[in-house]
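Engineer: One structure, pasted below without further comment.
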Amino acid sequence: VGARLISHAGSLLNLSKYPSSTVQILGAEKALFRALKKKGNTPKYGLIYHSTFIGRAGNKNKGKISRFLANKCSIASRIDCFAEDSTDVFGQKLKEQVEERLKFLDTGTIPKKNLDVMNEAIEEAAVDIKKRKKKLKKEKKRKLAEMEAADESMPDMNGNHEVVMEESEMITNEEEEEVVKKPKKKKKKSHNNDSAMLVAETA
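Everything in the sequence shown is counted per full-length UniProt numbering, starting at 1 for the first residue and increasing by one.
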């Protein structure tokens, strides 16, 4: 449902700008305009109707749950969009609030206040962010150690490469010497042939 809401709004930033009343009927714009033209009842839910929370609610309470769920969706979208550090603590707390509201509508049990729940979420989120930062530091240290170990093993590779290059240079030098010697042999042969021709002419 969250992915559908984001895709319909265009982006997470656009969704975070919408009020909860717009999130509630997002996806039912045609029904809304039709109701406004005919001065009939406006729709109570749009894409949010596909949520399991609304399916679990009774027929009388579906409108209330859709309104409450849209409120929590708008809060969650703003936290995800503008929070500096990502964490799932707020999402879990908001989900628990929706569960408590369902129980309140079914059995009448009073849920926790929103202020108390958000204070708990802030404390838990701070602890969770610290743990994640420690894990990131450990991963960075491990990667740096691996890079240093790889750099230490590079000189051996370079030394072997230099030996191979020296051997290849020796081979090329020998080939060049052979190429230089071959023309000299040809010149000697041509000189002998010229002397033989002179002897024949004098005879």
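The C-beta atom is built at its ideal place from N, Cα and C for all residues, glycine as well. The structure presented is a predicted model; accordingly, all values stated were derived computationally and were not measured.
For N71, report the span of its alpha helix (DSSP H) as first-last.
Structural biologist: Where N71 is concerned, the enclosing alpha helix (DSSP H) stretches over 62 to 82.
Engineer: Helix, strand or coil for D85? Go by DSSP, reduced to three states.
Structural biologist: DSSP places D85 in coil when its eight states are reduced to three.
Engineer: Can you check whether the CB of K93 is closer than 8 Å to the CB of V127?
Structural biologist: Contact flag unset, no.
Engineer: Taking 7 Å as the line, does the beta carbon of A9 fall inside it for any heavy atom of the ligand SAM?
Structural biologist: For the structure depicted, the ligand SAM is absent and the ligand set is empty, with no information on it obtainable.
Engineer: Look at the Cβ atom of P19, then the Cβ atom of A31, and state whether they are nearer than 8 Å.
Structural biologist: Not in contact: P19 and A31 (Cβ atoms no closer than 8 Å).
Engineer: Is I79 near L69, with beta carbons less than 8 Å apart?
Structural biologist: Not in contact: I79 and L69 (Cβ atoms no closer than 8 Å).
Engineer: Could you compute how far the alpha carbon of L136 sits from the alpha carbon of T109?
Structural biologist: One C-alpha to the other measures close to 42 Å.
Engineer: Helix, strand or coil, according to DSSP, for T22 in the structure here?
Structural biologist: Note: T22 maps to helix in three-state DSSP.
Engineer: Taking just the CA atoms, how far does K37 sit from A3?
Structural biologist: Spanning the two alpha carbons is a distance of roughly 30 Å.
Engineer: Let me know if G40 comes out buried or exposed under the rule of 16 or more other beta-carbons within 10 Å of its beta-carbon.
Structural biologist: Looking at its Cβ environment, which holds fewer than 16 other Cβ atoms inside 10 Å, G40 is exposed.
Engineer: Quick check: the Cα distance between V1 and I75, rounded to an integer number of angstroms?
Structural biologist: Computed Cα separation, rounded: 15 Å.
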